[in-house]
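In the working numbering, the protein residues as written are 9 to 148. For each residue, glycine too, the CB sits at the ideal point set by N, CA and C.
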């Protein structure tokens, strides 16, 4: 196994709108990901700045409010780059322009609005997303 020599810091948005949670369907490498909106923090960026940028780039959304929800506590090696250790931070969000949502990132295949009372851990497929989904399920 390749030695880890890099961190990959990721931020994700948990957007609940009209009693539903937004999940993205996104092909990546050789599989289909079901994941939350967000992505990698770039050098020189703060976490909220990165979240704002990702939401704008992916979905044309403007962040109004973000509240910390969860920070990954366990070691996770990147599934896609074996020399990277992943660190993920999740925020519940509110947006200024919910009606202006549009897919801007060409990799995103579909927006899935999952009712809160129908959430399951299987709705997402990345390891830390599953932990976060379980926490959400216990809240709703």
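How about residue 42: is its Cβ closer than 6 Å to a heavy atom in the ligand GTP?
Ligands in the displayed structure: none, and consequently the ligand GTP is not present.
For residue 170 and residue 46, what's the separation of their Cα atoms in angstroms?
One cannot answer for residue 170 here, as it falls past the ends of the chain, which runs 9 to 148.
Starting from the Cα of residue 19, find the closest Cα among 107, 101 and 9 and give me that residue.
As a first step, residue 19 is located in the chain shown; it is residue number 11 there, counting from the start. Comparing Cα positions, the closest option is 101.
Grouping DSSP H, G and I as helix and E and B as strand, with all else coil, what is residue 114?
Position 106 of the chain shown, counted from the first residue, corresponds to residue 114. Three-state DSSP puts residue 114 in coil, outside helix and strand.
DSSP on residue 136, reduced to helix/strand/coil?
Here the question's residue 136 lines up with position 128 in the chain shown. Helix.
Is it right to say residue 121 is buried, meaning 16 or more other beta carbons lie within 10 angstroms of its own, or is it exposed?
For this step, residue 121 is matched to residue 113 along the chain shown. By the neighbour-count criterion, in which a residue is buried when 16 or more other Cβ atoms sit within 10 angstroms of its Cβ, residue 121 is exposed.
Could you check what DSSP says for residue 129 in three-state terms: helix, strand or coil?
Locating residue 129 in the chain shown gives position 121, counting from the first residue. Helix, per DSSP.
With DSSP as the reference, please indicate the residues paired to residue 13 in a beta bridge.
Locating residue 13 in the chain shown gives position 5, where the first residue counts as 1. Bridge partners of residue 13: none, in fact.
With 7 Å set as the bound, which would you pick, yes or no: does the beta-carbon of residue 64 sit closer than that to a beta-carbon of chain B?
You won't find chain B in this structure, because it holds only one protein chain.
Report buried or exposed for residue 66, applying the criterion of at least 16 other Cβ atoms within 10 angstroms of its Cβ.
The residue labelled residue 66 in the question sits at position 58 within the chain shown. So residue 66 ends up on the buried side.
Residue range of the alpha helix (DSSP H) that residue 70 falls in?
For the purposes of this step, residue 70 is identified with residue 62 of the chain shown, where counting begins at 1. Per DSSP, residue 70 belongs to no alpha helix (DSSP H) and is neither H nor E.
Compute the Euclidean distance between the alpha carbons of residue 93 and residue 135, then round it to the nearest angstrom.
For the purposes of this step, residue 93 is taken as residue 85 along the chain shown, with counting starting at 1. For the purposes of this step, residue 135 is taken as residue 127 along the chain shown, with counting starting at 1. Going by the C-alpha atoms only, they are around 13 Å apart.
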